[in-house]
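Asks: Would you mind keeping the following structure in view while I ask a few things?
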Amino acid sequence: MKKIPYGKQDISELDVEAVAAILRSDWLTTGPSVAEFEQIVADFTGASEGVAVSSGTAALHCAMYAIGIESGDEVIVPAMTFAATANAVVFQGGTPVFADVDGDTLLIDPKHVESLVSSRTKAIIAVDYAGQACDYHSLQKIADQHGIILVSDGCHSLGGDYHGLKVGSLAEITIFSFHPVKPITTGEGGMAVTNNKEYASRMRIFRSHGITSDFREREEKGSWYYEMVDLGFNYRITDFQCALGISQMKRLADFLSRRQEIAAIYAKAFSTDKVISPLRLVEGVGHAWHLYVVRLLGHPSLRRDVFKEMREAGIGVNVHYIPVHLHPFYRHRFNYDPGLCPVAEQVYQQILSLPMWPGMSNADVDRVISVLTNIVEQQVKVKSV
Ligand SMILES: *Cc1c(COP(=O)(O)O)cnc(C)c1O
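Just so you know, the sequence shown maps onto residues 613 to 997 in the working numbering.
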């Protein structure tokens, strides 16, 4: 039986041709495909500016730089996210303060966020876990009341929406990842979108060594002169990656509708299951279905054993995520201890991400469902004796 991974890119012949065309052109990096890709993603999300970079993590770092995070600043981030969300705060010398999540959606809990705001709080990073937008109304209210900046980590939610507004126009800056398992891919890659021209300009300088012009701009002006105005990085993305991104954006609507179909098949299969419990869907939110996460209710060791048996059966389940504050780095550097975010810590023991990617056939989805329900049934029997 072939293995079914939990996530996988979908590359068409047109995608391949788009990349090949750039490889045959004059510009492999800092060329015209970068700005074109930025414009397409910005337009799609309803933002005015896009800044394409080498990864989602680089985009988060650019965002933290743009809003001026520095030593002594606190940024509230959810405990239930990929480590990079919090790491970007630390890159700039700031302190990530971990907010707990709602146990049924795994989205950041605005009430807990509010209780964590201090005189040092500069920003909140909302994470649209699994592809479902957070409670941006409540988060924006908190941000406005306290004069702090709302940033969105939309790595899961490109193409999603919230009360009619696209992800990308719900926060001051929204960042995306184009890693192969994400909604669209450029291999590695990321982007920050914003309506704030000042932030966009700061991010463009930061992604290229803190230098105020790029090679192509200087070539066009016939000038060698440039100024490095701040310490930056080389976070540039190549033109052939952007060509892949442009081609993938044409396919995003199809990817999304296939992800929705798969989610609907899973939801139907588990609708009456007492143990396999999908996350709650929030009204008014268009889910981008990056992940399909279920909670396994019952014996504390159930998830561990089901995970092992699913992998043995060739089904690539995964766990998203280990609460970030529990990682050794965060425990040592910031003295965070278990118990800081009890909901995230408890739900972490139950969650399992099932395969979810647009190229899955209905037969693949059915196989995941029947193997999972069988393994869970057997395990529940074993554990109840
Ligand atoms: C994937 C991901 C990132 C990092 O993106 P990369 O492109 O892998 O650097 C950050 N935050 C979240 C929530 C992610 O899922």
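We treat Cβ as the ideally placed atom computed from N, Cα and C, and that holds for glycine.
1) Helix, strand or coil for D627, going by three-state DSSP, please let me know.
2) Sorted by chain position, which residues of the same chain lie with C-beta nearer than 8 Å to D773's C-beta, five sequence neighbours on each side aside?
3) Could you check the C-alpha separation between R870 and Y948 for me, to the nearest Å?
4) With respect to the alpha helix (DSSP H) encompassing D765, which residues constitute its N-terminal and C-terminal limits?
5) My assumption, with CB atoms under 8 Å, is that S883 sits in contact with L909. Please give the rounded CB distance.
6) Can you tell me which of G971, R943, I737 puts its alpha carbon nearest to the alpha carbon of L868?
7) How should G766 be labelled, buried or exposed, when 16 other C-beta atoms within 10 angstroms of its C-beta is the threshold for buried?
8) Looking only at C-alpha atoms, which of A695, P967, Q651, A675 sits nearest to W901?
9) Using only the heavy atoms of ligand 1, determine whether one of them is closer than 7 Å to the beta carbon of A696.
10) Between the alpha carbons of R816 and G759, how many angstroms are there, rounded?
11) Can you list, in chain order, the residues of its chain with a C-beta nearer than 8 Å to that of I934? Leave out the 5 residues immediately preceding and following it.
12) Under 6 Å Cβ to Cβ from I688, same chain only, skipping five residues before and after it: list those, please.
13) According to DSSP, P708 sits in a beta bridge with which residue or residues?
14) Assuming M803 is part of the beta strand (DSSP E), what are its boundary residues?
15) In angstroms with no decimal places, state the Cα-to-Cα distance between L719 and H821.
16) Where do the N-terminal and C-terminal ends of the alpha helix (DSSP H) with Y960 fall, by residue?
17) Would DSSP call N699 helix, strand or coil?
18) Check whether the Cβ atoms of V701 and T707 lie closer than 8 Å to each other.
19) Buried or exposed for P950, please, with buried defined as at least 16 other CB atoms from any protein chain shown within 10 angstroms of its CB.
20) Determine the DSSP secondary structure at I737, reduced to helix, strand or coil.
Replies: Short version:
1) helix
2) A745, V779, V897, G898
3) 40 Å
4) Here D765 belongs to no alpha helix (DSSP H); instead the beta strand (DSSP E) covers 761-765.
5) No, S883 and L909 are not in contact; Cβ-Cβ is about 14 Å, not under 8 Å.
6) G971
7) buried
8) P967
9) yes
10) 25 Å
11) Y960
12) V709, A711, V725, L728, I736
13) V687
14) 802-806
15) 35 Å
16) 954-960
17) helix
18) yes
19) exposed
20) strand
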